[in-house]
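In terms of our numbering, the numbers along the sequence shown are unbroken and rise by one, the last being 358. Working notes, beginning with the structure itself.
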Amino acid sequence: MTTVERSRLVDAAPTEVWKVLSEFETMSSWAPNVEHSCFLTEGASDVGTTRRVQVGRSALIETVVEWEEPHTLSYSLKGLPAAQDL
């Protein structure tokens, strides 16, 4: 399994950044390649939450694997072509 890690330094409080990153349905407002995203699971977001993300012609499935508000949000990603620029 391939592992990719990305991090960014943001000049904002962790709680403010968390508000943006944890609103999965608005991902297209801050992720430039995402056209649309929607939940595949119901209920409050937490470990196990799954969403479908449309990136061009590819449909990706993301599942939250780590949720430590407001510090850590990790998820697994399925459906990304191997040559896709991350």
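Cβ coordinates follow ideal geometry from the N, Cα and C atoms, glycine included. These numbers come from a predicted model, not from an experiment.
For Thr-287, same chain residues with a beta-carbon under 7 Å away, outside a window of 5 residues either side, are Pro-342 in chain order. Pairing Thr-322 with Leu-312 gives a Cβ-Cβ distance under 8 Å. For Val-289, same chain residues with a beta-carbon under 8 Å away, outside a window of 5 residues either side, are Val-282 and Pro-342 in chain order. Non-local beta-carbon contacts of Val-325 in its own chain, meaning distances under 7 Å to residues more than five positions away in sequence, involve Met-299, Val-306, Ser-309, Leu-332 and Glu-334 in chain order. With 16 or more other Cβ atoms from the protein chains shown falling within 10 Å of its own Cβ, Val-336 counts as buried.
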